[in-house]
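Inspection log for the structure reproduced underneath, given as structure tokens.
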Ligand code: DSN
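Residue numbers (my numbering): -1 to 389.
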């Protein structure tokens, strides 16, 4: 690289990524092929519009790429192209979610999503996000006692508030999600059911989390978490007389975005193909085993795990309670970082502290599982976490 300053930073980041233990639940390490696709000449191309209907010339190869990416997305999640469409242009998860609301919910309509502090995402209607500025958020949370979803409570809220759309799928929820129950709730109040499977897309693809597709009207996802692709997003929608897919396509472009990032679409396609392999299935199984091992070992060492455990790629520790108030999530995260363990501070359900200095930590295993770590490694990681935080 000619620019030595930037080259130095890239090398330094590469070294940092190699040296640390990465427990950020939303990160992963992509393959060389995904990186190659991202750094390819597709980054030079403008392609506003969709395949065979572009606003610029020179897009015949891009058309082929986008169609291939769409085919592989449907194939990976075992969807028929007669019943499901997928838009692979959203630049990431937040624009994907906004595009769905823009397409289907009138201004000031009601989005029913999980409370941020209980594990929801900003774009599920939080007031600081556009999703909460242009639409109203009706929030639901987890049960105080079990710290898990209480579907009867969610149904009560839905029947009272009659939201336009219910969002299921979370950023800091360690348990399985019952999509069928969400479908019943959406039907009972006449709402669309949107599933944001960003965190668990790779687990769904690998067959270790149930698929939301039999129940949802739309499924949004990022492609860079457990799915292990580039930073990007996709929106799946049912093809039927409601024409959700056509409305969503219009909302993505020209509603919200200009030209799609074609190099990202190439990267997604590569990652989707990788996720179809038996190795990926094995990988997703190992994620679950590793997270359960990490949770069990931390529990043994006296750490309170929110909801008592985990069924997916992440877990939440209640740091404040586990240290009798000696440490907060922020202090714990900083201490771990000094010793080369990267995590993120996180609120826990019913947190009395604020998101900038919350009570908990969120730990995920997808990135380190990509690097080949197994149960014995996660036992050691739990022990290191314990030693560092109890020093
Ligand atoms: N920032 C992502 C996460 O960490 O879960 C969600 O956008």
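Every residue, glycine too, gets a C-beta built ideally from N, C-alpha and C.
Assigned exposure category for residue i - 16 Cβ within 10 Å defines buried
i: residue 56; result: exposed
i: residue 104; result: exposed
i: residue 275; result: exposed
i: residue 126; result: exposed
i: residue 376; result: buried
i: residue 7; result: exposed
i: residue 300; result: exposed
i: residue 217; result: buried
i: residue 157; result: exposed
i: residue 240; result: exposed
i: residue 224; result: buried
i: residue 252; result: exposed
i: residue 79; result: exposed
i: residue 388; result: exposed
i: residue 256; result: exposed
i: residue 137; result: buried
i: residue 14; result: exposed
i: residue 26; result: buried
i: residue 322; result: exposed
i: residue 243; result: buried
i: residue 42; result: exposed
i: residue 383; result: buried
i: residue 95; result: buried
i: residue 353; result: exposed
Residue i CB to nearest heavy atom of the ligand DSN below 8 angstroms
i: residue 91; result: yes
i: residue 119; result: yes
i: residue 196; result: yes
i: residue 310; result: no
i: residue 199; result: no
i: residue 221; result: no
i: residue 342; result: yes
i: residue 22; result: yes
i: residue 45; result: no
i: residue 94; result: no
i: residue 345; result: no
i: residue 97; result: no
i: residue 170; result: yes
Integer-rounded CB distance, given that residue j should sit under 8 angstroms from residue i
i: residue 269; j: residue 228; result: 7 angstroms
i: residue 97; j: residue 254; result: 5 angstroms
i: residue 172; j: residue 304; result: 7 angstroms
i: residue 159; j: residue 347; result: That belief does not hold up - the Cβ atoms of residue 159 and residue 347 are roughly 20 angstroms apart, past 8 angstroms.
i: residue 54; j: residue 46; result: 6 angstroms
i: residue 233; j: residue 84; result: 7 angstroms
i: residue 183; j: residue 142; result: Their Cβ separation, rounded to whole angstroms, is 20 angstroms, which puts residue 183 and residue 142 out of contact at 8 angstroms.
i: residue 386; j: residue 334; result: 6 angstroms
i: residue 70; j: residue 108; result: Wrong, their Cβ atoms sit about 35 angstroms apart, outside the cutoff.
i: residue 164; j: residue 147; result: Not really, about 12 angstroms apart at Cβ, beyond 8 angstroms.
Within 9 angstroms, strictly: CB atoms of residue i and residue j
i: residue 250; j: residue 88; result: yes
i: residue 193; j: residue 214; result: yes
i: residue 285; j: residue 367; result: yes
i: residue 93; j: residue 231; result: yes
i: residue 189; j: residue 161; result: yes
i: residue 310; j: residue 198; result: yes
i: residue 101; j: residue 315; result: no
i: residue 123; j: residue 130; result: yes
i: residue 296; j: residue 330; result: no
i: residue 112; j: residue 140; result: yes
i: residue 23; j: residue 307; result: no
i: residue 351; j: residue 327; result: yes
i: residue 81; j: residue 236; result: yes
i: residue 338; j: residue 196; result: no
i: residue 272; j: residue 31; result: yes
i: residue 21; j: residue 365; result: yes
i: residue 210; j: residue 267; result: no
i: residue 390; j: residue 282; result: The first residue shown for the chain is -1 and the last is 389, placing residue 390 beyond what the model contains.
i: residue 115; j: residue 349; result: yes
i: residue 168; j: residue 119; result: yes
i: residue 174; j: residue 288; result: no
i: residue 292; j: residue 325; result: no
i: residue 28; j: residue 64; result: no
i: residue 19; j: residue 340; result: yes
Unbroken stretches of the alpha helix (DSSP H), 4 residues or longer, contained in the stretch 50 to 105: 58 to 74, 91 to 102
Any alpha helix (DSSP H) of 4 or more consecutive residues that is wholly inside the stretch 195 to 252: 199 to 203, 242 to 248
Beta strand (DSSP E) runs wholly inside the stretch 306 to 351, at least 3 long, in chain order: Every beta strand (DSSP E) of 3 residues or more that sits fully in the stretch 306 to 351 is shown, in chain order, as 312 to 316, 342 to 344.
Alpha helix (DSSP H) runs wholly inside the stretch 105 to 186, at least 4 long, in chain order: 128 to 131, 149 to 159
Runs of beta strand (DSSP E) wholly within the stretch 280 to 305 (minimum 3 residues, chain order): Runs found: none.
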